[in-house]
Amino acid sequence: MEFIRNCWYVIAWDHEIPHGGLFTRTVLGQPIVLLRTAAGEVIALEDRCPHRGAPLSKGRREGDAVRCGYHGIMIDAASGQCIEVPGMARAPDRLCVRRYPVAVQRHWVFVWMGDDAKADKALLPDNFSSAHPDYHYLPGYLHYDTSVDLICDNLLDFTHLSYVHEKTLGGSTAIALARPQIEPVVNGMPGLRVTRHVADVPPPPYYRRMRSFPGNVNRWFIYDFVLPGTLLMHSGGRPVEDAPGDESRTVRLHSCQSVTPETATTTHYFFQQALQGESDPQIVQGIFDSLITAFNEDRDMITAQARNLEREPGRALAPLHFDAALMQFRKLWAQALAAERNDSIPS
Amino acid sequence: MEFIRNCWYVIAWDHEIPHGGLFTRTVLGQPIVLLRTAAGEVIALEDRCPHRGAPLSKGRREGDAVRCGYHGIMIDAASGQCIEVPGMARAPDRLCVRRYPVAVQRHWVFVWMGDDAKADKALLPDNFSSAHPDYHYLPGYLHYDTSVDLICDNLLDFTHLSYVHEKTLGGSTAIALARPQIEPVVNGMPGLRVTRHVADVPPPPYYRRMRSFPGNVNRWFIYDFVLPGTLLMHSGGRPVEDAPGDESRTVRLHSCQSVTPETATTTHYFFQQALQGESDPQIVQGIFDSLITAFNEDRDMITAQARNLEREPGRALAPLHFDAALMQFRKLWAQALAAERNDSIPS
Amino acid sequence: MEFIRNCWYVIAWDHEIPHGGLFTRTVLGQPIVLLRTAAGEVIALEDRCPHRGAPLSKGRREGDAVRCGYHGIMIDAASGQCIEVPGMARAPDRLCVRRYPVAVQRHWVFVWMGDDAKADKALLPDNFSSAHPDYHYLPGYLHYDTSVDLICDNLLDFTHLSYVHEKTLGGSTAIALARPQIEPVVNGMPGLRVTRHVADVPPPPYYRRMRSFPGNVNRWFIYDFVLPGTLLMHSGGRPVEDAPGDESRTVRLHSCQSVTPETATTTHYFFQQALQGESDPQIVQGIFDSLITAFNEDRDMITAQARNLEREPGRALAPLHFDAALMQFRKLWAQALAAERNDSIPS
Numbered sequence: 000m001e002f003i004r005n006c007w008y009v010i011a012w013d014h015e016i017p018h019g020g021l022f023t024r025t026v027l028g029q030p031i032v033l034l035r036t037a038a039g040e041v042i043a044l045e046d047r048c049p050h051r052g053a054p055l056s057k058g059r060r061e062g063d064a065v066r067c068g069y070h071g072i073m074i075d076a077a078s079g080q081c082i083e084v085p086g087m088a089r090a091p092d093r094l095c096v097r098r099y100p101v102a103v104q105r106h107w108v109f110v111w112m113g114d115d116a117k118a119d120k121a122l123l124p125d126n127f128s129s130a131h132p133d134y135h136y137l138p139g140y141l142h143y144d145t146s147v148d149l150i151c152d153n154l155l156d157f158t159h160l161s162y163v164h165e166k167t168l169g170g171s172t173a174i175a176l177a178r179p180q181i182e183p184v185v186n187g188m189p190g191l192r193v194t195r196h197v198a199d200v201p202p203p204p205y206y207r208r209m210r211s212f213p214g215n216v217n218r219w220f221i222y223d224f225v226l227p228g229t230l231l232m233h234s235g236g237r238p239v240e241d242a243p244g245d246e247s248r249t250v251r252l253h254s255c256q257s258v259t260p261e262t263a264t265t266t267h268y269f270f271q272q273a274l275q276g277e278s279d280p281q282i283v284q285g286i287f288d289s290l291i292t293a294f295n296e297d298r299d300m301i302t303a304q305a306r307n308l309e310r311e312p313g314r315a316l317a318p319l320h321f322d323a324a325l326m327q328f329r330k331l332w333a334q335a336l337a338a339e340r341n342d343s344i345p346s
Numbered sequence: 000m001e002f003i004r005n006c007w008y009v010i011a012w013d014h015e016i017p018h019g020g021l022f023t024r025t026v027l028g029q030p031i032v033l034l035r036t037a038a039g040e041v042i043a044l045e046d047r048c049p050h051r052g053a054p055l056s057k058g059r060r061e062g063d064a065v066r067c068g069y070h071g072i073m074i075d076a077a078s079g080q081c082i083e084v085p086g087m088a089r090a091p092d093r094l095c096v097r098r099y100p101v102a103v104q105r106h107w108v109f110v111w112m113g114d115d116a117k118a119d120k121a122l123l124p125d126n127f128s129s130a131h132p133d134y135h136y137l138p139g140y141l142h143y144d145t146s147v148d149l150i151c152d153n154l155l156d157f158t159h160l161s162y163v164h165e166k167t168l169g170g171s172t173a174i175a176l177a178r179p180q181i182e183p184v185v186n187g188m189p190g191l192r193v194t195r196h197v198a199d200v201p202p203p204p205y206y207r208r209m210r211s212f213p214g215n216v217n218r219w220f221i222y223d224f225v226l227p228g229t230l231l232m233h234s235g236g237r238p239v240e241d242a243p244g245d246e247s248r249t250v251r252l253h254s255c256q257s258v259t260p261e262t263a264t265t266t267h268y269f270f271q272q273a274l275q276g277e278s279d280p281q282i283v284q285g286i287f288d289s290l291i292t293a294f295n296e297d298r299d300m301i302t303a304q305a306r307n308l309e310r311e312p313g314r315a316l317a318p319l320h321f322d323a324a325l326m327q328f329r330k331l332w333a334q335a336l337a338a339e340r341n342d343s344i345p346s
Numbered sequence: 000m001e002f003i004r005n006c007w008y009v010i011a012w013d014h015e016i017p018h019g020g021l022f023t024r025t026v027l028g029q030p031i032v033l034l035r036t037a038a039g040e041v042i043a044l045e046d047r048c049p050h051r052g053a054p055l056s057k058g059r060r061e062g063d064a065v066r067c068g069y070h071g072i073m074i075d076a077a078s079g080q081c082i083e084v085p086g087m088a089r090a091p092d093r094l095c096v097r098r099y100p101v102a103v104q105r106h107w108v109f110v111w112m113g114d115d116a117k118a119d120k121a122l123l124p125d126n127f128s129s130a131h132p133d134y135h136y137l138p139g140y141l142h143y144d145t146s147v148d149l150i151c152d153n154l155l156d157f158t159h160l161s162y163v164h165e166k167t168l169g170g171s172t173a174i175a176l177a178r179p180q181i182e183p184v185v186n187g188m189p190g191l192r193v194t195r196h197v198a199d200v201p202p203p204p205y206y207r208r209m210r211s212f213p214g215n216v217n218r219w220f221i222y223d224f225v226l227p228g229t230l231l232m233h234s235g236g237r238p239v240e241d242a243p244g245d246e247s248r249t250v251r252l253h254s255c256q257s258v259t260p261e262t263a264t265t266t267h268y269f270f271q272q273a274l275q276g277e278s279d280p281q282i283v284q285g286i287f288d289s290l291i292t293a294f295n296e297d298r299d300m301i302t303a304q305a306r307n308l309e310r311e312p313g314r315a316l317a318p319l320h321f322d323a324a325l326m327q328f329r330k331l332w333a334q335a336l337a338a339e340r341n342d343s344i345p346s
């Protein structure tokens, strides 16, 4: 599996990066050390000392520089350049590490793994609810022992809410039966907008963590799923019986989720689900707990699926109408990869 | 290592297959989901949804059908055919899973991994003591992290009783010194009959769980070991001093053991040892405990042997007279494989 | 990575080899069983029964022979020859296991993995402090999940004392700043003598386990590091303020350390640090505890380095002045390998 490089990948929640310390995470197989300068800038460097390959993250901060914990080589964070070799009057110029472009947007820290010249913040997804006074959430992270594509597939077909999440996010087979509308979209990067309305169903189990409902609700899920693997979703439910214009019992959520390949076979999953106009910490925690339960349901299923697929790598699957969005997304992925390859051919 | 497919493999003890639920076990690298219909029939299906490869065993029963827990595809157990796709008026015919022939014979559930047309119950081994009013046992299962062939080797040469099982099933080097008689046999499938008599030896340690013995015993082991890897054994011991015709202190056991490849490098081991005319639960439990101890002794030794052999795969072993039965059995195995290959060539 | 075979490898501390029992350890990928005869001689045999490959170390001693625990084959320790097969009048001559030359020198047991004819005890390193009335130590062992070369690198450049061992063996960046003298040496096998003097530095944290110091000390590290991977070091410290001729507060240590490849990717590490003229068990234990802490610091760093290097096997490192000794040692290694290859070409 080949990965797109000219795009922003979520590498961390901003609270994960310590003040004065070092944090390491691997993206596309490349270990990266993250730090926050005295001025507050987040910097991402290759986590490998150029001298003998030790991880810089096992060293220590000296101001805005990193000193390798093995032989004391010191790297300037701003430039990636070695600025001190113990016992040498002047560090050799060739000693340096790659610095990756970083963008911090509303609590997500993104890293750019491709051509630096193309690192454009206009390509960031609109994760507005991760920092908006009307929305409240808790930040989530899960690690997957599967490749990223199976998780994208999962997020592109909400049929599974009726089965995988029957007792958490789902609660009705009507979700599976509703046919979504799928259309192209650009939200930073190209992707798909998936719109699914489900009328007159029981409120899903996790809604009851917020309030009680008199009867059925009309639900909606409207999300952009964009390259390389980010979901931005408005969803909600409104009691069927409520009078037109009465929004007092309407649930409105916005969710930001992003998957980042750690390696070809393991994946980072960053997520939140924000509740509009509801800041009660117990309810926010309840929504988060439901999400964790549900996303573990996904992970169990996807991991079991991955193990089955690994047994017979070449064997065909059987696409059904559910798979329209995910087949289209894989085409977008292939197009982006092809474009990258063309870009890198010198003219 | 290549496996015979046109034969019955033990896949489970019948008590392992729940009423109303699903049970999964892998045989010859193929995950298989087992279920029991309302009418009581045991059915084996490939444990892989044809849609996107998720294990059906993570789904749920709906009557005698299985609904996949990922996207709700429903598979009829009797036919393996998909009978419902959520949101489709009619399920596509091409959606189906393989159903494997099953035989249930006296608490062992067998599955047929080869050509359905050849699945003949006359090929089942005679495991009579697994359901016989005069015999009492407890059912055993162990998992091996070794290939099946090394376990067959072990069961085909009881020399090891004197050394591996000195303090459990053995108790005397006379077992190793006695030369067994080896002859061809058919017990369902072709195999070998191995007969070993050992005169005037102390009763083995585990006999003392049944009763006390005044002095030495004459022991015997008469077993069929048949393809693909099933042992059916009469064994026993009779006090040397007992008068002709006095069977009051004679021990008579019948054991059924079967090894099934899970993968090329891991194996399922199903076993029981039944005591004739003895139903005292404490004694039956004592025999079972001795067997578990002894079979763990085997597993420790065989696993250590396997790790040694893996270091130098091509290196020769040194066959001795002990190895007569196991060399003959490997010939039978090779013949069966060759016959299968010939059968599958279209004329 | 290719290993030198015509040399002595430390395989055990002599106290590890039981009286009357069997001990197993793997060297250069070859499992070896060690035993001590009734006369006290230590013998090393290939830990693999010639019959069917079971480890002899799972068998038992019968006098100075080993009986395999699987089928009772008995091997004479002195010759490696099979001397009994149960049920055979005479064991076949072809049944034998390789016996490796062994040398026991001052609590280290060495094994020779190459051409027996070349096994010369004059090639043993001078580990005198492992059995000397003026020196006291405790014996240490660690297991590494890395190849041996990265550990040799570590031992050949003490720059890392200032960073990896800042709070244990180091205590000052002056160690990193001091340039060592490097010269060829023969200590049994060829190697390098590395001499480093560090003037007027605080006593390292672990010195304080021995006594208190009024102020700074002058330190020295003088060690031979010889093929295949043995360090023999005199080190010490003397208070700067002490009058000439006053040695009452001088610390004098001698350390013997040796790394032995278990496999291409795992390593045994044997070590001691002996204190001259100090036998107080609490102080000896304190030195040992400091060493364990420090050698775990090394192992953490080297293991992290190894994982980084494994990601991109071909990628270049950037040698610096620190690396003079380790580059020279790798040359000696390559020369020894080349000489071995020439020796084995029949003329």
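Residue numbers (numbering that gives the first Met the number 0), protein chains in the order written: chain A, 0 to 346; chain B, 0 to 346; chain C, 0 to 346. C-beta atoms are modelled at their ideal positions from N, C-alpha and C, and glycine is treated no differently.
key: For P30/B, the residue or residues it bridges with in DSSP   = T25/B
key: Residues of its chain near D92/A, where Cβ-Cβ distance is below 7 Å and the 5 sequence neighbours each way are ignored   = none
request  = Please report how far the alpha carbon of M209/A lies from the alpha carbon of I282/A, in whole angstroms.
outcome  = Their backbone Cα atoms lie some 6 Å apart in a straight line.
request  = Can you tell me which of A88/C, R251/C and S211/C puts its alpha carbon nearest to the alpha carbon of H320/B?
outcome  = A88/C
task = Less than 8 Å between the CB atoms is what I'm expecting for W12/A and Y140/A, so what's the real figure, rounded?
result = So it is a contact: roughly 7 Å between Cβ atoms.
task = Could you tell me which residues DSSP puts in a beta bridge with R218/C?
result = V197/C and G236/C
inquiry  = Cutting at 6 Å between CB atoms, please list the residues of its own chain near R66/C, excluding the five before and the five after it.
reply    = G58, R59 and M73
task = Could you list the residues in the stretch 38–72 of chain C with a C-beta less than 9 Å from some C-beta on chain B, going in chain order?
result = Cβ contacts with chain B come from D46, R47, C48, P49, H50, R51, G52, A53, P54, S56, K57, G58, R59, R66, C67, G68, Y69, H70, G71 and I72.
request  = For E261/B, name the three-state secondary structure that DSSP assigns.
outcome  = E261/B falls in the coil class under three-state DSSP.
7 Å CB neighbourhood of K120/B in its chain, flanking five on each side removed = A102
task = Report back the beta-carbon spacing between V200/A and S171/A to the nearest angstrom; my notes put them in contact at under 8 Å.
result = The beta-carbon separation of V200/A and S171/A, rounded to 4 Å, stays under the 8 Å limit for a contact.
request  = Would you be able to state if there are at least three C-beta pairs under 8 Å between the stretch 233–251 of chain C and the stretch 293–312 of chain C?
outcome  = no
message = If I measure Cβ to Cβ from W336/C and keep anything under 7 Å in the same chain, skipping five residues before and after, which residues do I get?
response = For the record, residue 336/C in the displayed sequence is Leu; it is not Trp. Once the five neighbours on either side are set aside, the close Cβ partners of L336/C are E1 and I3.
ask   = According to DSSP, what are the bridge partners of H142/A?
value = H267/A
query = So is E261/A buried or exposed if we call it buried at 16+ other beta carbons inside 10 Å?
reply = buried
Contact list for A303/A against chain B, beta-carbon separation under 8 Å = A53, P54 and K57
key: Within 7 Å of chain A by C-beta, residues of the stretch 70–95 of chain B in sequence order   = Residues H70, G71, V84, P85, G86, M87, R93 and L94.
request  = Going by DSSP, name the residue or residues bridged to L44/B.
outcome  = V32/B and R98/B
task = Using a Cβ cut-off of 7 Å, pull out every chain D residue sitting near A317/A, in sequence order please.
result = In the structure shown, chain D does not exist; the protein chains are A, B and C.
ask   = In terms of DSSP beta bridges, what is A273/A paired with?
value = H253/A
ask   = Taking Cβ to Cβ, would you say S328/B is nearer than 8 Å to F294/B?
value = The amino acid occupying residue 328/B in the given sequence is Phe; Ser does not appear at that position. With contacts defined by Cβ atoms closer than 8 Å, F328/B and F294/B do not form a contacting pair.
message = Less than 8 Å between CB atoms is the rule here; does G19/C satisfy it with respect to chain B?
response = Not closer than 8 Å to any Cβ of chain B, the Cβ of G19/C fails to qualify, so no.
request  = Starting from the C-beta of P138/B, find all residues in its chain whose C-beta is less than 6 Å away, skip the five residues before and the five after it, and write them out in chain order.
outcome  = Hits under 6 Å: W12 and Q271.
request  = Anything in chain A within Cβ reach of A175/C, meaning under 9 Å, just list it in chain order.
outcome  = H70, G71, P85 and G86
message = Using 8 Å as the threshold, is the C-beta distance between T292/A and T158/A below it?
response = no
inquiry  = Whole angstroms are fine: how far does the CA of D223/A sit from the CA of E246/A?
reply    = Approximately 24 Å, taken between the alpha carbons.
Beta-carbon proximity list for D75/B, same chain, < 6 Å, skipping 5 on both sides = A64 and I82
query = Excluding five sequence neighbours on each side, which residues of the same chain lie with their C-beta closer than 7 Å to the C-beta of G285/B?
reply = Excluding positions up to five away in sequence, the list reads R208.
key: Near-chain C residues of the stretch 175–206 of chain B (beta-carbon distance less than 7 Å), N- to C-terminal order   = A175, L176 and R178
key: Nearest residue (CA-CA) to S78/C, options Y69/C, H70/C, C95/C and T249/C   = Closest option to S78/C, Cα to Cα, is C95/C.
query = For the alpha helix (DSSP H) that contains C81/A, what are its first and last residues?
reply = Secondary structure note for C81/A: it is in no alpha helix (DSSP H), and the uninterrupted beta strand (DSSP E) holding it is C81 to E83.
inquiry  = Measuring only the C-alpha atoms, how far is I42/A from Y143/A?
reply    = 25 Å
key: Among V108/C, D133/C and P179/C, the one whose alpha carbon lies nearest that of Q275/C   = Ranking V108/C, D133/C and P179/C by Cα distance to Q275/C puts D133/C first.
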